[in-house]
Amino acid sequence: KGEKEQSEAINPPLTFQLKNIDPDHGFFKERGILPATIEHFGLGYCSKGMMKDRIVIPIHDHQGQLVAYCGRAVNDDQVEKEGKYKLPPNFVKSEVVYNLHHQKDPDRLILVESFLSVFQLHQNDVENMVALMGSSMSEQQEELIVNTLGINGKVILLFDGDEDGQKCTRDCLIRLSKKLFLKAVDIAPYAKKPHRLDPEAMKKLLS
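Residue numbers for the sequence shown follow our numbering, beginning at 18 and rising by one.
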């Protein structure tokens, strides 16, 4: 089987799109997510179905096919009771690097942990940011990143400032440095997470 066939067998393209999702939910304003960002990433609040009462985030594979929706909790009470993120039971997260299909520079990626970090970087006019959707990199994600960039590829690691983020940075440095040029950014002196960096700090760290 070819790469496309294998990918589709694991995470087949969805045969539907969620309709009537609300782009004006208070969560977006609270998190500073702008209308243009909401539109660009296809975000919205879902009021029914499996993702009821959550912000839905469309997930595409590296070829741009819609393969899943992730539901993000909108408040702390929901996080405690049901978990921050909800994914379809058959979706294999380790097979996808979020936002890879939007990559514009064939030689450079900025690697973050979360969806929110991707959104914030986008709002600061940063391009080529992709997310692991967690604090660890699977073998399949590693392969996707290496194959996308090729031998002259450069990756900036911009993970959270906590222990999990630092562990992920060390792991990615060991595994990716054999194949790509890497720069690890320590955000801890500035903020706990990339999406909480102010624009000036972000610009300084990524320069």
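Glycine residues also receive a C-beta, built at the ideal position from the N, C-alpha and C atoms.
Exclusion of the five residues before and after Asp39 leaves Gly61, Tyr62 as the residues of its chain whose Cβ lies within less than 6 Å of its Cβ.
According to DSSP, residue pairing for Val96 in a beta bridge does not occur. Taking all protein chains in view, the Cβ of Gln137 is crowded by 16 or more other Cβ atoms within 10 Å, so the residue is classified as buried. For Ala201, the uninterrupted beta strand (DSSP E) segment begins and ends at 198 to 201.
Fewer than three beta-carbon pairs drawn from the stretch 97 to 104 and the stretch 47 to 54 are found closer than 8 Å, and the two stretches are therefore not classed as touching. Restricting attention to Gln95, Gln157, Asp203, Val91, the CA atom closest to the CA of Val113 is found in Gln157. Counting along the chain, no alpha helix (DSSP H) covers Arg71; the unbroken beta strand (DSSP E) around it starts and ends at 71 to 77. With a cut-off of 8 Å on Cβ pairs, the stretch 199 to 208 is not in contact with the stretch 149 to 166, counting fewer than three such pairs. With respect to Leu190, Val163 sits apart: the two C-beta atoms are not nearer than 8 Å. Selection Ala85, Lys220, Gly43 evaluated against Ile27 yields Ala85 as nearest (Cα-Cα).
Proximity of the stretch 147 to 155 to the stretch 114 to 129 meets the contact definition, three or more beta-carbon pairs being nearer than 8 Å. For Val91 against Phe44, the beta-carbon gap comes to about 5 Å, under 8 Å, which counts as contact.
Under a 10 Å Cβ-count criterion, Phe132 is classified as buried, with 16 or more other Cβ atoms of the shown protein chains found around its own Cβ. In this structure Asn141 does not touch Gln120 by the C-beta definition: roughly 17 Å separates them, more than the 8 Å allowed.
Residues of the same chain with a CB within less than 7 Å of the CB of Leu35, apart from the 5 flanking positions on each side, are Cys63, Val73, Tyr86 in chain order. Following the DSSP letters along the chain, one finds Arg89 inside the beta strand (DSSP E) bounded by residues 83 to 89. Straight through space, the alpha carbons of Leu193 and Asp41 are spaced by roughly 39 Å.
C-alpha of Asp188 to C-alpha of Val202: approximately 14 Å in a straight line. In terms of Cβ geometry, Phe176 and Gly167 do not form a close pair [threshold 8 Å]. When rounded, the separation of the alpha-carbon atoms in Ile55 and Lys98 is 26 Å.
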